[in-house]
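Student: In the UniProt record's numbering, the protein residues as written are 1 to 347. Just so you know, even glycine gets a beta-carbon here, dropped at the ideal spot from N, CA and C.
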């Protein structure tokens, strides 16, 4: 016996059991098989009904009762809000006809139920297919979204690693640069210290050499002055009382009364120092300086006359009377030694 649509379809069972991608095709095939099976079963029942022996003849209903039955059937049909396919059995209808019509009505009802079941199964299959397609799209969208997030995360991680690597390389480069600068500064300080030490040594050697040379020059000068002084005394002693010229030449003089340097021609005798304007006019001297007991000191530049330091072959003569001082320089060391010797011999 065939099942009804309410017995064959259970929506809760469809919701509870998820369908695979091939369930749609399987459902359609299963519905078609059920529909074909129902039609074949009903056909067999209809054939069996025709083969059954006819039912016993019902008792005849009077004409009055037939009219009452028709009226009841009409009232029942008009009062129903949902018309249903009915087989109106008339009292005078053939039993075989009534059985045939009843079987046709049952077959039509079963076919309608099976068609409804088939359409509902197709609708549910379509809904499941749409749901599965939506789920597939959602899964694909979620997969793509996760893929994009993973790519962005990986890109962010890569960029962060690159920045860290760049910062590390910059820090290492800066550390190397600082180390190089420190090393260069240290080398510069060491080189400067070596140069300074070498300069100090050279300067000390130069100062020592200069001091030695100056000391030697001083000793040599003192020897010359002492020798010149002795020679001058000897000559003055030999030439005493005569006006014979012992030495002559050019000298530049400056007195403490005038800042002007004047070049004069001189002649030196045993007791006098004559100054002339030129060597061509020796008849009238410009100045005559007596040497006996008038000279108090003969000085070099480092003996209180620093202004003569830059003037070569210079010296100063300090006289005892009138606080007179004459600064002078000659054209050579020999002339300087001679004059200083004569002036010193007068002290």
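Is it buried or exposed, residue 192, if we count other Cβ atoms within 10 angstroms and call 16 or more buried?
Tutor: exposed
Student: Can you grab the Cα-Cα spacing for the pair residue 166 / residue 159, in whole Å?
Tutor: 10 Å
Student: Please report the straight-line C-alpha distance between residue 107 and residue 135, rounded to a whole angstrom.
Tutor: 41 Å
Student: How about the stretch 336-344 and the stretch 221-236: do they share at least three Cβ pairs that are nearer than 8 Å?
Tutor: yes
Student: With H, G and I counted as helix, E and B as strand and the rest as coil, what does DSSP make of residue 320?
Tutor: Residue state, collapsed to three classes: coil.
Student: Nearest to residue 307 by alpha carbon, out of 254, 269 and 266?
Tutor: 254
Student: Considering residue 158, what are the terminal residues of the alpha helix (DSSP H) in which it resides?
Tutor: 95-239
Student: One question on the structure: do residue 270 and residue 236 come within less than 8 Å of each other, judged by their Cβ atoms?
Tutor: yes
Student: Assign residue 330 to one of two classes, buried (16 or more other C-beta atoms within 10 Å of its C-beta) or exposed (fewer than that).
Tutor: Residue 330 comes out buried.
Student: Spatial neighbours of residue 249 within its chain, please: C-beta separation below 8 Å, excluding the five flanking residues on both sides.
Tutor: 265, 266, 330, 331 and 335
Student: Which residues does DSSP pair with residue 274 in a beta bridge?
Tutor: 267 and 288
Student: How would you write the range of the alpha helix (DSSP H) that residue 251 sits in, first residue to last?
Tutor: Taken as a continuous stretch (DSSP letters only), residue 251 belongs to no alpha helix (DSSP H), being part of the beta strand (DSSP E) at 247-255.
Student: Is residue 274 buried or exposed, if buried means 16 or more other CB atoms sit within 10 Å of its CB?
Tutor: By the neighbour-count rule (16 or more Cβ atoms within 10 Å), residue 274 is buried.
Student: Pull up the distance between the alpha-carbon of residue 324 and that of residue 313, whole angstroms please.
Tutor: 21 Å
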